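Taken in order, these protein sequences are the chains called A and B. Be aware that the first sequence starts at 1, since it is given in the numbering used here, and climbs by one per residue. Be aware that the second sequence starts at 376, since it is given in the numbering used here, and climbs by one per residue. We put the CB at the ideal spot given by N, CA and C, even for glycine. Keep in mind the model is a prediction, meaning the values are calculated, not measured.
Protein chains: 2
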Amino acid sequence: MTRAWEGGAHVTVESRSGAYPVLVEPGAYRRLPALLRDLVPGHRYAFISDDVVGPLHGEPLVAASRAAGLAATLFTFPAGEGSKTRKQWSILTDEMLSATMGRDTVVVAVGGGVVGDLAGFVAATFLRGVPLVQVPTSLVAMIDSSVGGKTGVDVKAGKNLVGAFHPPAAVIIDPEAARTLNARERAQGLAEAVKHGAILDEGYLARLAQHASALLAGDVDATEWAVARSVELKADVVSRDERESGLREILNFGHTFGHAMEAASGYTLRHGDAVAAGMVLESRLGEALGVTDAGTTSRLEDALSAFGLGSVPSVSGGAAAALAFLGADKKARQGRPRFVLLRRVGCVAKADTWSREVPRDTVEAMLTHGMGTGG
Amino acid sequence: MTRAWEGGAHVTVESRSGAYPVLVEPGAYRRLPALLRDLVPGHRYAFISDDVVGPLHGEPLVAASRAAGLAATLFTFPAGEGSKTRKQWSILTDEMLSATMGRDTVVVAVGGGVVGDLAGFVAATFLRGVPLVQVPTSLVAMIDSSVGGKTGVDVKAGKNLVGAFHPPAAVIIDPEAARTLNARERAQGLAEAVKHGAILDEGYLARLAQHASALLAGDVDATEWAVARSVELKADVVSRDERESGLREILNFGHTFGHAMEAASGYTLRHGDAVAAGMVLESRLGEALGVTDAGTTSRLEDALSAFGLGSVPSVSGGAAAALAFLGADKKARQGRPRFVLLRRVGCVAKADTWSREVPRDTVEAMLTHGMGTGG
Chain A
1 MTRAWEGGAH VTVESRSGAY PVLVEPGAYR RLPALLRDLV PGHRYAFISD DVVGPLHGEP
61 LVAASRAAGL AATLFTFPAG EGSKTRKQWS ILTDEMLSAT MGRDTVVVAV GGGVVGDLAG
121 FVAATFLRGV PLVQVPTSLV AMIDSSVGGK TGVDVKAGKN LVGAFHPPAA VIIDPEAART
181 LNARERAQGL AEAVKHGAIL DEGYLARLAQ HASALLAGDV DATEWAVARS VELKADVVSR
241 DERESGLREI LNFGHTFGHA MEAASGYTLR HGDAVAAGMV LESRLGEALG VTDAGTTSRL
301 EDALSAFGLG SVPSVSGGAA AALAFLGADK KARQGRPRFV LLRRVGCVAK ADTWSREVPR
361 DTVEAMLTHG MGTGG
Chain B
376 MTRAWEGGAH VTVESRSGAY PVLVEPGAYR RLPALLRDLV PGHRYAFISD DVVGPLHGEP
436 LVAASRAAGL AATLFTFPAG EGSKTRKQWS ILTDEMLSAT MGRDTVVVAV GGGVVGDLAG
496 FVAATFLRGV PLVQVPTSLV AMIDSSVGGK TGVDVKAGKN LVGAFHPPAA VIIDPEAART
556 LNARERAQGL AEAVKHGAIL DEGYLARLAQ HASALLAGDV DATEWAVARS VELKADVVSR
616 DERESGLREI LNFGHTFGHA MEAASGYTLR HGDAVAAGMV LESRLGEALG VTDAGTTSRL
676 EDALSAFGLG SVPSVSGGAA AALAFLGADK KARQGRPRFV LLRRVGCVAK ADTWSREVPR
736 DTVEAMLTHG MGTGG
C-alpha cells in the first residue's frame, strides 16, 4: 500500500467515489500548485482556512498557486471550534457563490480538524458537491481527520451531528508543517496515533513511545514516519468500510467515553486528551468484563504517559454528567451507547459486531471509579 | 427493467450506494407501513411533510404506521418554495435531534418537489446521512424529482445551489394521490413527462398527447402508466450516470432556458411552464444551428399544447434579464451556459459531451425573438 514517491509516502484510499491518494512528503507545500494541477484539475480553486493558519500557510499557498497560473482565492473564518457551525458554513458558501464559482471549482482545505470538517462540508454541499483537497496543517488532521471523508459541523445538541461523507479527491501532507505547532498541540494528534497502534499494530505503539520526544519536538523525519504509518493503518480500515457500518467502528476506540467527557466538560477538555483518557477507561472496562487481557490498560497508560496523555480528568458535574451524554452519542443505537473493546494491545475484540453494548451498572461503576478520582 | 408487482410497476435504480426500488402501485399508501418495515427497516421513522400535504397524506400515513407498530413521528413546515431554505433545514434537523433520533432513523418525505428536496437534504446530512424514503404526492415529484437522488435548498444566489446527492432507499408512488391535485398542478409534472419523450422515446411522446385529457383529469390508470414509463426512462439514465457527469445531462433539456426564465421572473413562473417553454426555445435553437431536424419544434409544441403548455412567456426585464441568469446556471462551465440539443424527437444530439456551448449571439437572437413576443 505504501511506495516510495519523491522521497515521501503515497497511500491510496478506496472510496465509493473512487480511490484517492494521500501524499506524505516533506516539502510537499512547495510543489502544491503542480500537485493540484496534476491530481485535481479545476477551473477555480477556493482555498479555505482560518485566520490563524491562513496567514501562515493559506496566503503563501494561494500566492504560489496564482504565480503558477491557477485561479486561486482564499476564504478565511475566525479560528476555533466555535466556527464549526451551520452559520459559518452558510457564510463560506455564499462567499463562493458571490465570487461566481461554479461546479468546476475545487475546495482546498488548509488547516486543522475544524478547517477540514467545515471546508469539507462546504465542498460536500456546494452545488451538490465539488472536489475537495485536504491540506492538513495540524498533527490531529494529518494523523487522523483528513483521511476518511467525514465532514460536518456542530449544533447545539452536540458535535458533528450535521454533515456528510465526502471523500477528498486528494490529501496532501507536508510533515514540515508540524514544526509550526507546539508540543501540546502535537500531543493531541499523537493520541490518535497511539489509538491506531492500540487497535491495529502493537509494534507501532511501542515505537511511538520510543520516539515520543522526537515526535513531541516536531522532528520532521519522526513526524513523517508516524503520519505515514497512521495514514496507512487508517486508510486500510476506511477502504474496507467507508461508512462506519462495520470495521470502521474500531476507530471509535476511546471515543465513546472520550466524547462523553468532552461534552460533560462543555468542550473545555481537548479532543486528544479526552480520547487518551477514554482509551484508558475503555481498556479498563474491557478488563473488568474479562474481554481485554489483564495488563493491557497499564501498557496503554505507559505509552500515553510518554506523550503526557492518559490521565483521567475529573469532570465538572462528575460521572453522572458524562453518563447523560453517553446515550446521546451518534453511534448509540436505540439510545444505548456502544463500546469498542480491545482483546489486547494491537487487536480489537469482536462480538457480533465491532462494537457492543455494556450493562449500564458496569459502565456507571467504571465512570464513578475512573472519573471521581483522577486529576 | 419493469415487472408486474402486486398490480403495479417495480423499477430498480442503480446508485453508488446500492440499488433502490421505485414502486408505482395504485393503493400503495394503504400498505405503506408494511412496505417501510420490509424495504427500509429502522428504529424510528421521521415523516416530513408540509402543512398542506401533512393533514391530507402525512397524518393518516403516520397514524397507520403507528398502528402497525412503527415508531413514527410527523414533522411539518409551511408549504411552498419559500421554505426550501437552510433555515428550515436547520429547524427540521434540530427537531429530529430534540426527539433524540439517532442514526437508526429513517426519513420519509411525503409531499411534492419541495418536500422531497428539503427532507432529502435533511436525511443527507443528519448524523452524516440516514436512509430516505420518497413518497411523492405531486405529479412533478412522481414523474421526476423523487427519482435520482438530488436533494437541496435554495439560497439568495439561486435555486438548488446547496445540496447533496443522496439516493433514496426506496421510492413509493401511489398514483391515486394524483386525484388530490388539480389539472394545473398535474400539467406541471406532465411537462417533465413530455421531456422524457422528447429526449428518449418518440412513441411515448405521441401517446402522452393522445391521453392528455385523462392525464390532466387525474385518471388513475393513465397516471400509473405515465409515471411508470417516465420513472423507467429516468431510472435508466441515472443508473448509468448518477452525478450528471455524462449521460444524465440529457435530463436538462429545456432547463437551461427554463431556469433562466424562472429566475428572471423572480420565480413567479412555475417550473413545468418554464421547462415547457425552455424545450420549445432549445429546440428552436437547435433548428437554427442545423443540429435539430426541421419540424421538431412544431411537433414538440403540438404535444405540449395538449397539456396547455409550451407558450413562451414574456419576462419582466425582457431577454436581457434572462440572459444575465444563463451564465449563473449550475451547469455553466467557466461561466458559459451549456445546452442539450435534440437531433429529433426522441433523440438527443451528442457533441463531445451531451451538452454544448452555443455562440452568445445565437442565444441572444433566440431569446430576443422567443421571449419578446409570446404571451
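Residue range E434 to A442 is occupied by the alpha helix (DSSP H) that includes P435 (chain B). The DSSP-derived three-state label of P396 (chain B) is strand. In the DSSP assignment, T12 (chain A) falls within the beta strand (DSSP E) that extends over G8 to V13.
D51 (chain A) carries a coil assignment under DSSP once its states are collapsed to helix, strand and coil.
About 5 Å separates the beta carbons of V24 (chain A) and V227 (chain A), which is inside the 8 Å limit, making them a contact pair. Across the set A:H57, A:L304, A:F121 and A:L181, the C-alpha of A:L304 shows the shortest separation from the C-alpha of A191 (chain A). DSSP places P511 (chain B) within a strand segment (E or B) once states are collapsed to three. For L70 (chain A), there is no enclosing alpha helix (DSSP H), as DSSP marks it with neither H nor E. Nearest neighbour of R336 (chain A) by Cα position, chosen from A:P359, A:V348 and A:K350, turns out to be A:P359. Taking 8 Å as the CB threshold, T125 (chain A) lines the interface with chain B.
When only Cα atoms are considered, F339 (chain A) and G272 (chain A) end up about 18 Å apart.
For F540 (chain B), the enclosing beta strand (DSSP E) has its first and last residue at G533 to F540. Under the 8 Å criterion on CB atoms, S90 (chain A) is classed as interfacial with respect to chain B.
With respect to L717 (chain B), G661 (chain B) sits close: the two C-beta atoms are nearer than 8 Å. With the rule of 3 Cβ pairs closer than 8 Å, the segment 442-457 of chain B counts as touching the segment 413-433 of chain B. The beta-bridge partner set that DSSP reports for I548 (chain B) consists of B:V399. Cβ neighbours of P550 (chain B) within its own chain (closer than 7 Å, five residues either side excluded): V399, P401, V595, T598, E599 and V602.
Residues of the segment 486-517 of chain B with a Cβ closer than 9 Å to any Cβ of chain A, in chain order: F496, A499, T500, F501, L502, R503 and G504. Interface annotation for the segment 70-101 of chain A against chain B: R86, S90, T93, D94, L97, S98 and T100, criterion Cβ-Cβ distance under 8 Å. The DSSP-derived three-state label of Y579 (chain B) is helix.
Following the DSSP letters along the chain, one finds R719 (chain B) inside the beta strand (DSSP E) bounded by residues L717 to R719. The C-beta of D361 (chain A) has fewer than 16 other C-beta atoms within 10 Å across all chains shown, which makes the residue exposed. Neighbourhood of K609 (chain B) in chain A, by CB distance below 8 Å: empty, with the nearest CB roughly 17 Å away.
When DSSP states are grouped into helix, strand and coil, D529 (chain B) belongs to the strand group.
Look at R31 (chain A) here: in three-state DSSP terms it is helix.
At least 8 Å separates the beta-carbon of L216 (chain A) from that of A177 (chain A).
Rounded to the nearest whole angstrom, the CA to CA distance from M101 (chain A) to P313 (chain A) is 46 Å.
Boundaries for V595 (chain B): no beta strand (DSSP E) harbours it, while the alpha helix (DSSP H) harbouring it runs V595 to R615, taken from the DSSP string.
S17 (chain A) reaches chain B at R391, counting residues in chain order whose Cβ is nearer than 8 Å. The segment 512-531 of chain B makes contact with the segment 608-620 of chain B: 3 or more CB pairs, one atom from each, lie closer than 8 Å. For A322 (chain A), the nearest beta carbon of chain B is not closer than 8 Å to its own beta carbon. In the pairwise beta carbon analysis, the segment 424-434 of chain B is classified as not touching the segment 567-583 of chain B: fewer than three pairs are separated by under 8 Å. Check the Cα spacing between A276 (chain A) and each of A:L300, A:A294 and A:P41: the tightest is with A:L300. Counted as a single uninterrupted DSSP element, the beta strand (DSSP E) harbouring A484 (chain B) occupies residues T480 to G486.
Think of a sphere of 8 Å around the beta carbon of F165 (chain A): the chain B residues whose beta carbon falls inside it are R503 and G504, in chain order. Contact annotation: the segment 125-138 of chain A touches the segment 95-112 of chain A, with at least three C-beta pairs closer than 8 Å.
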